[in-house]
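Under the working numbering, residues 49 to 328 are what the sequence shown spells out, in order. Glycine included, each C-beta is placed from N, C-alpha and C at the ideal position. A short write-up of the structure that comes next.
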Amino acid sequence: MCFTLHLEKGRFPGMEMFFEALERDGVAYNRTDAGISRGRCAVVTFDDRERERVIAALSELIIHDYIPVYILKMLDTKYRYFNGDEKNKIIDELCDYLDRPKLRGLLDEYMKENQILSLGGFLTFRLKDYFSVLDGDIDFTVDEFLVRKEYLEFVKLLQFFVNMQETVYEELHLIITGDFTYRLIDGKGNPVNMDDLRDVACEVGVIGAQESDMLLSTLITFAPKRLVIHGRERFLTKDVLETVVSVFSDRVTECKGCPLCMNGLPALEKQPKESLEKNE
């Protein structure tokens, strides 16, 4: 069985990349160029033995040339407040996670029933369901992008507060204990006096927005020059840890092997307080 493929150059500027892919894969095909109303058109013929490899190259051409343009049109229509760089980031993220097997399957399904494929017409009339799913993916990705953007702005604001704040403790140790509570210890091993800022001991597993804000507020108020985190694996709420690390950035050191990491606060009773630094 012989197949004929029509590719419109004006619609697929990366068309030569498609032919380069065929050459790399050793695909046997014939190509002629014809003039059509929208510009030059490449007419490609190949037999059934090459169909799978041609489909693989075609799906990548669609992802490279057509889908980014489609996504950009959607963003320009529904989300005009994004700048160019932000739109490009959203497009790149969506293209990285496209359902390539589904796209190849739709091409294969069509070619099993049709020996002539006009790629432009196929995209316009045969992929409505595929693009309907993509529309939902665009909305979801935009929502996720906005959440990340707001988070980064929030982190930058907290970093500003930290840099403006007068340092109360040169060094603090954030410790997750064996019963999944957290404590702050100064550089000499003394528990931090939290009387003025409320008790910071909270069950990590039930930390919500109020408790995480309390921890961040406490750390920002103390503005340590160095923050050492012990027992990272005990953080049941990873968002809290990630935010602390993001806000304090190069002030953070992660301890990976001292007794505090293994046993939490009870280890303080079994070692001199001044030995904290030696065990990091």
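- 9 Å or more divides the Cβ of K150 from the Cβ of Y114.
- Using a Cβ distance threshold of 9 Å, E302 and R282 do not count as a contacting pair.
- The Cβ-Cβ distance between T269 and Q213 falls below 9 Å.
- According to the DSSP secondary-structure assignment, H112 is paired through a beta bridge with no residue.
- Exclusion of the five residues before and after V295 leaves V203, L206, Q207, V210, L264, L267 and I268 as the residues of its chain whose Cβ lies within less than 8 Å of its Cβ.
- Of the candidates E161, D124 and P116, the residue whose Cα lies closest to the Cα of L142 is P116.
- Restricting attention to beta strand (DSSP E) runs no shorter than 3 residues, the segment 63-147 encloses them at 78-84 and 87-95, ordered along the chain.
- With a threshold of 16 other beta carbon atoms within 10 Å, C306 meets it and is buried.
- Separation of T291 and T285 (C-alpha to C-alpha, rounded to the nearest whole angstrom) is 11 Å.
- Shown here, F51 sits in a strand according to DSSP, grouped into three states.
- Beta-bridge partners of I268 (DSSP): none assigned.
- When only Cα atoms are considered, G153 and L109 end up about 15 Å apart.
- For S180, the uninterrupted alpha helix (DSSP H) run begins and ends at K176 to M212, by DSSP.
- Around the CB of A82, fewer than 16 other CB atoms lie within 10 Å, so the residue is classed as exposed.
- The criterion of a C-beta distance shorter than 9 Å is not satisfied by T80 and C50.
- By a beta-carbon distance limit of 8 Å, A105 contacts L70. Their separation comes to about 6 Å.
- Residue pairing by DSSP puts L275 in a beta bridge opposite L220 and V300.
- Straight-line spacing of the CA atoms in D234 and N131 works out to 45 Å.
- Assigned with DSSP and collapsed to three states, R280 falls in helix.
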